[in-house]
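The structure appears right after this line, and notes come after that.
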Amino acid sequence: MLKPYNLASKNFLSSLDMTRAEVFQMFEIASNFKNKKLTFRFKDKVLGLIFDKSSTRTRVSFQVAMSRLGGTTVDLNPTTSQIGRGEPIKDTARVLSRYCDVLAIRTFSHSDLEEYAKWSVKPVINALTDLEHPCQALADFLTIKEEFHDFKDVVLTFIGDGNNVANSLILCGALLGVKVRIACPKGHEPNPLIIKKAMKIYQDKNSLQIVNDPYIAAKGANVLYTDVWSSMGEESKMEQKDKNFNGFTIDTNLVNTADKEAIILHCLPAYRTKEITDTVFESKNSRIFDQAENRLHAQQALLASIIS
Ligand code: CP
Ligand code: NVA
2 MLKPYNLASK NFLSSLDMTR AEVFQMFEIA SNFKNKKLTF RFKDKVLGLI
52 FDKSSTRTRV SFQVAMSRLG GTTVDLNPTT SQIGRGEPIK DTARVLSRYC
102 DVLAIRTFSH SDLEEYAKWS VKPVINALTD LEHPCQALAD FLTIKEEFHD
152 FKDVVLTFIG DGNNVANSLI LCGALLGVKV RIACPKGHEP NPLIIKKAMK
202 IYQDKNSLQI VNDPYIAAKG ANVLYTDVWS SMGEESKMEQ KDKNFNGFTI
252 DTNLVNTADK EAIILHCLPA YRTKEITDTV FESKNSRIFD QAENRLHAQQ
302 ALLASIIS
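Position 158 of the sequence shown, counted from 1, bears residue number 159 in the numbering used here, the numbering being contiguous throughout.
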C-alpha cells in the first residue's frame, strides 16, 4: 500500500505549515481512515509525546492514531524526565529525535516549540501552544466539511477568548476560504500578527471580522464555536476573565440568532454555565463529540503523511 500523502519530514507547528491542497488531502485521508476505506501500517515507528500541559483528547487521540498505524508512542512526562529539571530544549530535541520518528509537543511558549523543531532531526507537531492549536483546527474543519460538504457559504462564528484555538481557526479558515467571525470582549482579541497573516491570504477582506458583540457575530452563522474563557496557565486570571466575558455565553438566545440549522462546536474541555450552557451543549445541533472523535482521524492522517 502506498503512503497516503507525502508531507514527509515537514513540521506542523502552525495551520499555515500546510497548503490549502494539503489540508484538503488531510480531510480525504482522514475520512478514508474513518470509513475504514484505507488501511496503512508502519513498521517500527515511534511517536514521542512531550506534554508540558494536561491533555485528554490530544494525548489519547495521538496514542490511538499511532497504534492504528502499527506504531508505538512514548509518553514523556516532563516532571519525571530531565525536561522538568531544566535540560535545554536543544539537547532534549537532539536526543529524542534520534530515538523517535516524530515528536508531538504541547507547551506554553510557541518559541519553545520552534526551538524543539529547530534542533529535532525528525518532524515536530504542535499539540497546542499559547499561540496555536493547529491539530484542533484540522479536526474542526473536517467536522464542518462533514456537515456542510463544502465551505463556500459557511459562516463560522467563534464566541470567546481570542487565544490559541481562535488563532488556528482564523488561519485554517483563511486557507480554506471560510468566512470567520470572532466575538470577544475588548482586550481579548486574537493576536494581531495572526490576523495580519490571515488577511494576506483571504481574497475577500470582509471574510474575517473581529467584533465585540456576540449577537452581531452570531447573526445567521452556520457554526457557533466556543472555547474556555481561561486557558491552561491562566488560572490566576480566571476571576477577572469570568467578569470580562460576562454576556459571551453561548446560550439559547444566541443560538436563536444563528441560522436555524447552525451546528455547535467546542474543542473541550467545557465549563458549562460559563462559555456554553448545558442546554446548548447537549442540544441536537451539537456536534461536539463528532468533533472530538475527528481529532483521532485527522491526526491519524497527519501521522501517516508526515512520518517518513
Ligand atoms: N481539545 C483539546 O486539545 O483537548 P485536550 O486538552 O484534552 O487535549
Ligand atoms: N484554549 C484552551 C484550549 C484547550 C484545548 C487552552 O489553551 O487551555
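Ideal placement from N, C-alpha and C gives every residue a C-beta, glycine not left out.
Small disclaimer: the values here were computed from a predicted structure and weren't measured.
- In this structure, R69 has its beta carbon at no less than 7 Å from each heavy atom of ligand 1.
- Within 10 angstroms of the beta-carbon of M67 lie 16 or more other beta-carbons, which makes it buried.
- A check of alpha carbon separations from H189 across N247, V24 and G221 identifies N247 as the nearest.
- Straight-line measurement puts the Cα of G85 at about 5 Å from the Cα of P79.
- Contact check for L129 and I145: beta-carbon distance about 20 Å, past the 8 Å limit, so the pair fails to qualify.
- By the C-beta criterion, the stretch 89-97 is judged not to be in contact with the stretch 60-74, since fewer than 3 inter-stretch pairs fall below 8 Å.
- Short note on R58: C-beta closer than 7 Å to some heavy atom of ligand 1.
- The stretch 221-241 makes no contact with the stretch 34-50: fewer than 3 CB pairs, one atom from each, lie closer than 8 Å.
- For H298, the Cβ stays outside the 7 Å cut-off from all heavy atoms of ligand 1.
- By the C-beta density criterion, V125 is buried, having at least 16 other C-beta atoms within 10 angstroms.
- With a threshold of 7 Å, the Cβ atom of N168 does not count as near ligand 2, since no heavy atom of the ligand is closer than that.
- Q137 has its alpha-carbon roughly 11 Å from the corresponding atom of S62.
- In this structure, the straight-line span from the alpha carbon of L297 to that of F290 is close to 12 Å.
- Here Q210 carries a strand assignment [DSSP, helix/strand/coil].
- Taking non-hydrogen atoms of ligand 1 into account, the C-beta of P135 is found less than 7 Å away from none of them.
- With a contact defined as Cβ atoms closer than 8 Å, A31 and A302 qualify at about 4 Å.
- For D113, the CB contacts under 7 Å within the same chain, skipping 5 residues up- and downstream, are I90 in chain order.
- Under the three-state reduction of DSSP output, N127 falls in the strand class.
- Scanning its chain for C-beta atoms nearer than 8 Å, with the 5 sequence neighbours on each side dropped, one finds around T20 the residues L176, in chain order.
- For V75, DSSP records a beta bridge to G49.
- Counting only the Cα atoms, Y216 lies some 43 Å from V103.
- Shown here, R86 sits in a helix according to DSSP, grouped into three states.
- Shown here for M200: same chain residues with a beta carbon closer than 7 Å to its own, the five before and five after excluded, namely K206 and L209 in chain order.
- For P135 against S110, the beta-carbon gap comes to about 16 Å, at or over 8 Å, which does not count as contact.
- For V155, the closest of K38, K242 and K220 by C-alpha to C-alpha distance is K220.
- The beta carbon of T280 lies closer than 7 Å to those of T253 in the same chain, with the five residues before and after it left out.
- Residue state for K180 is assigned as strand, using DSSP reduced to three classes.
- Rounded to the nearest angstrom, the gap between the Cα atoms of A259 and L132 is 28 Å.
- With a 10 Å radius around the Cβ and a threshold of 16 neighbouring Cβ atoms, V256 comes out buried.
- In this structure, ligand 2 has a non-hydrogen atom nearer than 7 Å to the beta-carbon of S232.
- If you check the C-beta of N165 against ligand 2, you find a heavy atom less than 7 Å away.
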